[in-house]
Structure formats: C-alpha cells, structure tokens
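Step one of this worksheet: look at the structure below.
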Amino acid sequence: MASYSYKKRICRFKESGVKYIDYMDEKRLIRFLTEGGKIIPRRVSGTSSKYQRMLARAIKRARHLALLPYVADNPS
Numbered sequence: 019m020a021s022y023s024y025k026k027r028i029c030r031f032k033e034s035g036v037k038y039i040d041y042m043d044e045k046r047l048i049r050f051l052t053e054g055g056k057i058i059p060r061r062v063s064g065t066s067s068k069y070q071r072m073l074a075r076a077i078k079r080a081r082h083l084a085l086l087p088y089v090a091d092n093p094s
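The letter at position 47 of the sequence shown is residue 65 when you use the numbering used here, and the numbering goes up by one with no holes.
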C-alpha cells in the first residue's frame, strides 16, 4: 500500500479569530463562490462546519439583498 500524505486545511476564520461573518463584506464572500455563483463546499474551501454554516447564511442574505448574484452572467 502506498502511503499518502495530506495537508491539513486550516479554517481561515478560526485562525483569524472571526466571531461573525458579515453579509456586507462582499470581497470576503466572493472568494467562497464558484464562477457559476454556487457556494464552494467546506471539503474544498477548508472551513470548519461552524463557519461554513455562517458563511452560507451570510451569502444567502447578501444574495437576497442583491449584493451578490444568484447566478453568474452568461458570457455568450
């Protein structure tokens, strides 16, 4: 059997001591969206489950207030 070494992903929010993810912070939220506008899953982004829930809630609030798009624009 081959042994694989995985790099442990560290939650950016937990590392920096964030207490609340603000829905008005578009620059931070846009990093957790795909080009199509979907939320990046936590296994890819490396966020903890607590902060992933807070992140999803903040993105959904920002979408509702039209700060973030629900879907990306069609380039064609």
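A virtual CB, placed ideally from N, CA and C, is assigned to each residue, including glycine.
Nothing here was measured: the structure is a model prediction, and the numbers come from that model.
query	result
contact_flag[the region 57–64, the region 33–42] where n(CB pairs < 8 angstroms) is 3 or more	no
Span of the alpha helix (DSSP H) around Tyr-69	67–82
Span separating the alpha-carbon of Gln-70 from that of Arg-60	6 angstroms
Coil, strand or helix - Ile-57 by DSSP	strand
Other residues of its chain near Asp-91: CB distance less than 6 angstroms, five sequence neighbours each side excluded	none
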